[in-house]
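**Q** Quick one: this structure, given as structure tokens, is what I'll be asking you about.
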């Protein structure tokens, strides 16, 4: 029991999607605990859930009695705790690059387009929907242009972001591409990103982590 | 020459400040290359600098011929390349917690208050200064409340965020506290954060990394 893995997840959460990919790539079985981000004013905001994560965000990975927060810190923990099928490359240089690509999404694209940010614009500033969508598109386009350039400029880009095995960078990229499509971005404008997405989605680990495959996806 | 470290930095950049602390904690000498984020429409946006970092952001750490991007990925690289005076704890559990605290700032507070975001509000949406300030304060207050709770709820909080040695978490926390003060946040409302800040700033590694100590600080 104490080694059981339970993931507090929401089907469309990009950060939870990253961890689902990582768990699947490592072949670790886990139970999904759905947290509905929109129902009841957001189940992530309840006092009960704040005891699990004071940030009021998903995902949290419960490992035995430990509550692990922050998707990238969870992926690093998985790699250190179960070293087989690594999510990080072996050399310091390649690890740096994989992490930098992951963080370029996790710090510089995704937080700006998060649900709570869009809710702030709607409720505090009455920003109309088209302007909110333009905001989201702006940061994804700017982020993807930089990432596309970082992928094209580097010899170690392979079938995946860094080399011939999926890494933490791909765990972040694919959920962000999913979000980009939701907001009407033409992903074909970023041919290397589009090619890597196609390679990833052919793997069951990525396919089974998709929002549409989740138990809490609405019927 | 090939092992020389050059940091593309801006005195007030919170992400560059993190890396300055890390380099100082590890006792690694480095040269500062100032990139002025406001002068000439932002030196980080020039074609020349985009060749160094397609994201158009500071910091970048040049290590010999390698251009390393993303502050947290740089700190991990420093630790893997020069293991003495580690910036990460030793057990997987403590490492996870230190990284989660670092990411709670680097993903969920700082990106929302970045210069480019505030410039977007000003230039695209004509958001007045008081509303822009309220936005910044909102995310810092929300983030600090969660981090304060994560620090208070955990036995491994010590003199620093995780234990009795500064870690990657403190490298992120202290620059964010500096930003909080700039925006008029009463940091005393978060007593554990305030206590850790005081402990950190007594160390030369943190003191010398402060914006006011930088060569590109305006006279």
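Residue numbers (UniProt numbering), protein chains in the order written: chain A, 1 to 219; chain B, 1 to 219.
Think of the CB as a built atom: it goes at the ideal place given N, C-alpha and C, for glycine as much as any other residue.
#1: Can you list the residues of chain A that residue 9 (chain B) reaches, using a CB-CB cut of under 8 angstroms?
#2: Between A:177, A:203 and A:206, which has its C-alpha nearest residue 192 (chain A)'s C-alpha?
#3: Using a 10 Å radius around the Cβ and a threshold of 16 neighbouring Cβ atoms, would you call residue 242 (chain B) buried or exposed?
#4: Kindly indicate the opening and closing residues of the beta strand (DSSP E) around residue 30 (chain A).
#5: For residue 67 (chain B), which of helix, strand or coil comes out of DSSP?
#6: By how many angstroms is the C-alpha of residue 164 (chain A) removed from the C-alpha of residue 66 (chain A)?
#7: Classify residue 4 (chain B) as buried or exposed, calling it buried when 16 or more other Cβ atoms lie within 10 Å of its own Cβ.
#8: Taking Cβ-Cβ distances shorter than 7 angstroms, what residues in chain A pair up with residue 104 (chain B)?
#9: What are the uninterrupted segments assigned as alpha helix (DSSP H) that are 4 or more residues long and contained completely in the stretch 102-160 of chain B, given in chain order?
#10: Could you work out which residue in A:145, A:9 and A:52 is closest to residue 54 (chain B) when comparing CA atoms only?
#11: Using the C-alpha atoms, what's the distance from residue 43 (chain B) back to residue 214 (chain B)?
#12: Have a look at the DSSP bridge pairing and note the partners of residue 62 (chain B).
#13: Could you round the C-beta distance between residue 103 (chain A) and residue 159 (chain B) to whole angstroms and report it? I think they count as a contact, below 8 angstroms.
#14: Report yes or no: is there a C-beta of chain B within less than 7 angstroms of the C-beta of residue 172 (chain A)?
#15: Report the option in B:206, B:59 and B:18 whose CA atom is closest to the CA atom of residue 33 (chain B).
#16: Which residues in chain A sit within 7 angstroms of residue 80 (chain B), going by Cβ to Cβ distance?
#17: For a contact meaning CB atoms closer than 8 angstroms, what does residue 108 (chain B) contact in chain A?
#18: Going by the CB atoms, is the gap between residue 107 (chain B) and residue 16 (chain A) shorter than 7 angstroms?
#19: Would you say residue 194 (chain B) lies against chain A (beta-carbon separation less than 7 angstroms)?
#20: Comparing alpha-carbon positions, which option in B:117, B:197 and B:135 lies nearest residue 184 (chain B)?
#21: Between the Cα of residue 41 (chain A) and those of A:23, A:119, A:9 and A:96, spot the shortest distance and give me the residue it belongs to.
#22: Among residues of its own chain, excluding the 5 on either side of residue 189 (chain B), which ones have a beta-carbon nearer than 6 angstroms to its beta-carbon?
#23: For the stretch 137-167 of chain B, which residues have a beta carbon sitting closer than 9 angstroms to at least one beta carbon of chain A?
#24: From the DSSP output, in three-state form, read off residue 80 (chain B) for me.
#25: Taking the alpha carbon of residue 179 (chain A) as the point to measure from, which residue in A:204, A:143 and A:153 has its own alpha carbon closest?
#26: What three-state label does DSSP hand residue 194 (chain B) in the structure shown?
#27: So what's residue 22 (chain B) in DSSP terms, helix, strand or just coil?
#28: Using a Cβ-Cβ cutoff of 8 angstroms, what residues of the stretch 13-43 of chain A are near chain B? List them in chain order.
#29: Against chain B, does residue 99 (chain A) count as a neighbour if the rule is that its beta carbon must be under 7 angstroms from one of theirs?
#30: For residue 161 (chain B), which of B:141, B:30, B:36 and B:99 has the nearest alpha-carbon?
#31: For residue 209 (chain A), decide whether its Cβ has a neighbour in chain B, counting only Cβ atoms nearer than 7 angstroms.
#32: Would you report the Cα separation of residue 79 (chain A) and residue 140 (chain A), rounded to the nearest angstrom?
**A** Inspection of the coordinates gives the following:
#1: In the second chain, counting from the first residue as 1, residue 9 (chain B) sits at position 9. What residue 9 (chain B) touches in chain A, judged by beta-carbon distance under 8 angstroms, is nothing: the nearest beta carbon there is about 17 angstroms away.
#2: Within the first chain, residue 192 (chain A) is the residue found at index 192, counting from 1. Measuring from the Cα of residue 192 (chain A), the nearest candidate turns out to be A:177.
#3: There is no way to answer for residue 242 (chain B), as the model of chain B reaches only from 1 to 219.
#4: Residue numbering aside, residue 30 (chain A) sits at position 30 when the first chain is read from its first letter. Run containing residue 30 (chain A): none; DSSP gives neither H nor E here.
#5: Within the second chain, the letter at position 67 stands for residue 67 (chain B). In the three-state reduction of the DSSP assignment, residue 67 (chain B) falls in the strand class, which pools E and B.
#6: The residue given as residue 66 (chain A) occupies position 66 in the first chain. The residue given as residue 164 (chain A) occupies position 164 in the first chain. If you draw a straight line from the Cα of residue 66 (chain A) to the Cα of residue 164 (chain A), it comes to about 33 angstroms.
#7: In the second chain, residue 4 (chain B) corresponds to position 4, counting from 1. That one is exposed.
#8: Translated into positions along the second chain, residue 104 (chain B) becomes position 104. When 7 angstroms is used as the limit between beta carbons, residue 104 (chain B) is near these residues of chain A: 55 and 70, in chain order.
#9: List check, alpha helix (DSSP H) in window: 115-125 and 129-152.
#10: Position 54 of the second chain, counted from the start, is the residue given in the question as residue 54 (chain B). Of the candidates A:145, A:9 and A:52, the one whose C-alpha sits nearest the C-alpha of residue 54 (chain B) is A:145.
#11: The sequence position of residue 214 (chain B) within the second chain is 214, counting from 1. The sequence position of residue 43 (chain B) within the second chain is 43, counting from 1. Taking the straight line joining both Cα atoms gives about 17 angstroms.
#12: For the purposes of this step, residue 62 (chain B) is identified with residue 62 of the second chain, where counting begins at 1. Per DSSP, the beta bridge partners of residue 62 (chain B) are B:6 and B:67.
#13: To locate residue 103 (chain A), count along the first chain from 1; it is residue 103. To locate residue 159 (chain B), count along the second chain from 1; it is residue 159. That belief does not hold up - the Cβ atoms of residue 103 (chain A) and residue 159 (chain B) are roughly 28 angstroms apart, past 8 angstroms.
#14: Here residue 172 (chain A) refers to the residue found at position 172 of the first chain. For residue 172 (chain A), the answer is no, since every Cβ of chain B falls outside 7 angstroms of its Cβ.
#15: Here residue 33 (chain B) is taken as the residue at index 33 of the second chain, counted from 1. The alpha carbon of residue 33 (chain B) has as its nearest neighbour, out of B:206, B:59 and B:18, the alpha carbon of B:59.
#16: Translated into the one-based positions of the second chain, residue 80 (chain B) becomes position 80. Within 7 angstroms Cβ-Cβ: 92 and 95.
#17: In the second chain, counting from the first residue as 1, residue 108 (chain B) sits at position 108. Within chain A, 55, 57 and 111 have C-beta atoms less than 8 angstroms from the C-beta of residue 108 (chain B), given in sequence order.
#18: Translated into the one-based positions of the first chain, residue 16 (chain A) becomes position 16. Translated into the one-based positions of the second chain, residue 107 (chain B) becomes position 107. For the 7 angstroms CB-CB criterion, residue 16 (chain A) and residue 107 (chain B) do not form a contact.
#19: For the purposes of this step, residue 194 (chain B) is taken as residue 194 along the second chain, with counting starting at 1. Cβ-Cβ to chain A under 7 angstroms: no for residue 194 (chain B).
#20: As a working mapping, residue 184 (chain B) is identified with position 184 in the second chain. When the alpha-carbon of residue 184 (chain B) is set against those of B:117, B:197 and B:135, the nearest one is in B:135.
#21: Indexing the first chain from 1 puts residue 41 (chain A) at position 41. That would be A:119, whose Cα lies nearest to the Cα of residue 41 (chain A).
#22: As a working note, residue 189 (chain B) is residue 189 in the second chain. None.
#23: For chain A, the residues of the stretch 137-167 of chain B that bring a beta carbon within less than 9 angstroms of one of its beta carbons are 138, 139, 142, 143, 145, 146, 147, 148, 149, 150 and 153, in chain order.
#24: On the second chain, position 80 is the one that residue 80 (chain B) refers to. In the structure shown, residue 80 (chain B) sits in a helix (DSSP, three-state: H, G or I).
#25: Translated into the one-based positions of the first chain, residue 179 (chain A) becomes position 179. It is A:143 whose Cα lies nearest to the Cα of residue 179 (chain A).
#26: Reading the second chain from its first residue, position 194 is the one you call residue 194 (chain B). Three-state DSSP puts residue 194 (chain B) in a helix.
#27: Here residue 22 (chain B) is taken as the residue at index 22 of the second chain, counted from 1. Here residue 22 (chain B) sits in helix by DSSP.
#28: Residues passing the 8 angstroms Cβ filter: none.
#29: In the first chain, residue 99 (chain A) corresponds to position 99, counting from 1. True, the Cβ-Cβ gap to chain B drops below 7 angstroms.
#30: Locating residue 161 (chain B) in the second chain gives position 161, counting from the first residue. When only C-alpha atoms are compared, the closest one is B:99.
#31: Sequence index remark: in the first chain, residue 209 (chain A) carries index 209 (1-based). Not one chain B Cβ lies under 7 angstroms of residue 209 (chain A).
#32: In the first chain, the residue the question calls residue 79 (chain A) occupies position 79. In the first chain, the residue the question calls residue 140 (chain A) occupies position 140. Computed Cα separation, rounded: 28 angstroms.
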